[in-house]
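J.: Dropping the structure in here first, questions after.
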Amino acid sequence: MKLALTIAGSDSGGGAGIQADIKTFSAHGVFGMSVITSVTAQNTRGVIGIEDISPEMVSLQMQAVFEDLYPDAVKIGMVSSGGIIGAIADGLKKYGPRKVVLDPVMISKGGSYLLKPEAMNALKDKLIPLSLVVTPNLMEAEALTGMVIKTPEDMREAARKIIGLGAKSVVVKGGHLTGDALDVFYDGHKFYEITSERVNTRNTHGTGCTFSSAIAANLALGYDLIESVKRAKDYITGAIKNSLDIGHGVGPTNHFW
Ligand code: PLP
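Anchor point for the sequence shown: position 74 equals 75 in the numbering used here, and the numbering is continuous, going up by one each time.
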């Protein structure tokens, strides 16, 4: 059995965060584990409360997982604060996992801060250099680079800049541009463009979480990086196509169809 770990926030509504990650791992036949960074009170309508877990407890969860079960791949999502980021970075340095997928989660679709603005530099300085692949959406890529991104060429330029921050590779997700859903993957040497048809649905809650945990699941299964990204793109496209019209707001991606 392959093992994957998510280090992320809890979404009580089950659509994003830890819950989406573990469903994604299960759908790939990978055993899922979690280090919870923050608890959000949330549903399809939005986030109504956030309470962070202490950095000490984040460290202890990492210790518990790495000293016994040791994951084949790690996905990092909502990290919330500078203190939590420091604890995660220390744990990654101590235990040394190589397959680390970083989804630089910043703001929820409803506008709640999932990363405190003052923690942005800690994310850049401490977590990006420890990651095998970083998966920003356009807004996150803009925040990381200071650019305004409007075209695929802008996406490639942002990818170069994010590699300049110390990431080994990056996927800039263009789902928020118009036309086909184009993602740009760059490993510092070569660009790959990965496209899929655009799916028209409002139910896209948890797409970023699902995509990054699908990359981690495929890495855990032993696929190489570009193959893992392509397979994750196919998976997220299916998960959006089959997304669920539940609740009263933005429904979640579907992991089993
Ligand atoms: N809540 C948590 C705990 C998350 O980790 C994320 C992840 O990106 C979100 C919410 C964002 O969800 P949405 O896809 O609705 O922006």
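For every residue, glycine included, the Cβ atom is placed at its ideal position computed from N, Cα and C. Bear in mind that the values here come from a model prediction, so they are computed numbers and not experimental data.
#1: Tell me where the alpha helix (DSSP H) around Ala65 begins and ends.
#2: What residue does the beta strand (DSSP E) around Val230 start on, and which one ends it?
#3: Cutting at 7 Å between CB atoms, please list the residues of its own chain near Ala233, excluding the five before and the five after it.
#4: For the structure I just gave you, are there three or more beta carbon pairs, one from the stretch 130-142 and one from the stretch 248-257, closer than 8 Å?
#5: Report buried or exposed for Thr152, applying the criterion of at least 16 other Cβ atoms within 10 angstroms of its Cβ.
#6: Counting Cβ pairs, one atom from each stretch, are 3 or more of them under 8 Å apart for the stretch 38-48 and the stretch 71-84?
#7: Any idea if Leu93 is buried or exposed, counting beta-carbon neighbours within 10 angstroms, 16 or more meaning buried?
#8: Using the three-state DSSP reduction, which class does Lys174 fall into: helix, strand or coil?
#9: Does Leu4 come out as helix, strand or coil in the three-state DSSP assignment?
#10: Looking at the structure shown, is Asp184 part of a helix, part of a strand, or coil, going by DSSP?
#11: Please confirm whether Leu139 and Ile129 have their CB atoms less than 8 Å apart.
#12: Just the C-alpha distance for Ile49 and Gln43, rounded to the nearest angstrom, thanks.
#13: To the nearest whole angstrom, what separates the beta carbons of Asp73 and Lys100, a pair I think is in contact under 8 Å?
#14: Given a threshold of 16 other Cβ atoms within 10 Å of its Cβ, counted over all protein chains shown, does Asn255 qualify as buried or as exposed?
#15: Which same chain residues end up closer than 6 Å to Leu116 when comparing Cβ atoms and leaving out the 5 residues on each side of it in sequence?
#16: In its own chain, which residues sit with a C-beta less than 7 Å from the C-beta of Ile86, not counting the 5 before and 5 after it?
#17: If you compare alpha carbons, which of Lys242, Trp258, Ala90 is closest to Asn201?
#18: Using 8 Å as the threshold, is the C-beta distance between Glu141 and Pro118 below it?
#19: Could you check the C-alpha separation between Tyr90 and Thr238 for me, to the nearest Å?
#20: Could you give the uninterrupted runs of the alpha helix (DSSP H) lying entirely in the stretch 68-105, keeping only those of 4 residues or more?
#21: Is the distance from the Cβ of Gly33 to the Cβ of Phe26 below 8 Å?
#22: Assuming Leu222 and Lys3 form a contact by the criterion Cβ under 8 Å, report the distance between their Cβ atoms to the nearest whole angstrom.
#23: For Met63, which residues in the same chain have their Cβ closer than 6 Å to its Cβ, ignoring the five residues on either side in sequence?
T.: On the basis of the coordinates in this document:
#1: 56-67
#2: Careful: Val230 lies outside any beta strand (DSSP E), inside the alpha helix (DSSP H) at 226-242.
#3: Phe212, Ala215, Ile216, Asn219
#4: no
#5: exposed
#6: yes
#7: buried
#8: strand
#9: strand
#10: strand
#11: no
#12: 6 Å
#13: 7 Å
#14: buried
#15: Met107
#16: Val80, Ala120, Ala123, Leu124, Lys127, Leu128
#17: Lys242
#18: no
#19: In the sequence as displayed, the identity of residue 90 is Ala instead of Tyr. One C-alpha to the other measures close to 31 Å.
#20: 83-96
#21: yes
#22: 6 Å
#23: Val36, Gly92
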